[in-house]
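The next block holds one structure in the form of structure tokens; read it before the comments.
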Amino acid sequence: MKAIVITTPGGPEVLQLQQVDDPEIKDDEVLIKVEASALNRADTLQRKGAYPPPKGASPYPGLECSGTVLSVGKNVTRWKVGDQVCALLSGGGYAEKVAVPAGQVLPIPPGVSLKDSAGLPEVACTVWSTVFMMSRLSAGETFLVHGGSSGIGTFAIQIAKTKGATVFITAGSEDKLAFCKNLGADVCINYKTEDFVTRVKEETGGKGVDVILDCIGAAYLQRNLDSLNFDGTLCLIGFQSGAVTEIKLNTLLPKRLTVQGAALRPRSRENKAMVVNEVEKNVWPAIAAGKVKPIIYKSFPLSDTGEAHRLMESSEHIGKILLVP
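Mapping of the sequence shown onto the numbering used here: position 269 corresponds to residue 272, and the numbering continues sequentially without gaps.
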């Protein structure tokens, strides 16, 4: 098969389409013919040598895909050859075929094309596991997601609204703010022209928000804590501004704040299967009802993966970027 190989750590030019061996499936895995895969920020870190694949995972990038089942391991009972599916991967999505544990495979949700469903597994599993399973966002609460126009952000806005939350977002352009507003965000803050802490306090009568989902890291940590309500939770899922900073510990105690972090890729197969199962039960019905949809910005052929990475790193996109073999 053909796959994208990282020839050496570096810029987008190191991503080369090469002929490689087909994946071999284990007894509890399925082999998928890839219809599309989607980019994630983690892929750009892997390309730079900063986020190596977990032990035993494919060396090729790509953390989610959609496609058709080509074969199944002898212990697999749910899936059969010909099924149209999407899947959460530990790697290997930038290819024509990928092997994946059966527990990380999802049916295509009603109303979504096979191609577009490639943009769902990673964001759905990330947002559901962090915002709802860990941070327990519930109806009537307030929720802030940084990078509202990203793949994570556009999904988080929609699913949080279906659960009855008031949604705040930050983004860096008027076009992105307008897009997020149209998706259902209640309060849209331009981080380039406004201080989000001040705006959050204004909009909540000085209280702050109940849950924050943050991919920025160091530069936002203290300001995030300052933006939380009593018993509020900050969930960190990325460090785009760095991973080391200082905070005032006396921010935490009076308001009983919780700071937690989560990553999806290093989790065990069992944990991922549990998250995928929860997503199918709780998120897929909202997609089937038309309340949540994948936001696809642009698709690239696999041979133009470098260009797709350049677009992602420019942050000019809204939603997900797809690769099509």
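Cβ atoms here follow ideal geometry from the backbone N, Cα and C, with glycine treated the same way.
- Cβ-Cβ distances below 6 Å link residue 237 to 215, 227, 262 in the same chain, with the five nearest sequence neighbours on each side left out; the list follows chain order.
- Residue 154 is classed as buried because its beta carbon has at least 16 other beta carbons within 10 Å across all chains shown.
- Between the region 20 to 31 and the region 115 to 122 there are fewer than three C-beta pairs closer than 8 Å, too few to call the two in contact.
- Exposure of residue 139 is indicated by the presence of fewer than 16 other C-beta atoms within 10 angstroms of its C-beta.
- Taking C-beta atoms under 8 Å as the contact rule, residue 203 and residue 230 qualify, at a distance of about 5 Å.
- Taking C-alpha positions only, residue 42 is separated from residue 285 by approximately 24 Å.
- Counting along the chain, the unbroken beta strand (DSSP E) around residue 67 starts and ends at 67 to 75.
- The Cβ neighbour count for residue 213, taken over all protein chains shown within 10 Å, is at least 16; the residue is labelled buried.
- Secondary structure note for residue 156: its alpha helix (DSSP H) is the uninterrupted segment 154 to 165.
- Counting every other CB atom within 10 Å of its CB across the protein chains shown gives residue 32 a total of 16 or more, marking it as buried.
- Here residue 196 is exposed, its C-beta having fewer than 16 other C-beta atoms within 10 Å.
- Its chain contains 67, 89, 90, 91, 109 as the residues whose beta carbon lies nearer than 7 Å to that of residue 124, once the 5 sequence neighbours on both sides are disregarded; these appear in chain order.
- Residues 128, 132 of the same chain have their beta carbon placed closer than 6 Å to that of residue 278, with the five preceding and five following residues left out of the count.
- With respect to residue 57, residue 93 sits close: the two C-beta atoms are nearer than 8 Å.
- Going by DSSP, residue 317 is part of the alpha helix (DSSP H) stretching over 308 to 317.
- DSSP links residue 255 through a beta bridge to no other residue.
- Burial state of residue 80 is exposed, judged by a 10 Å Cβ sphere holding fewer than 16 other Cβ atoms.
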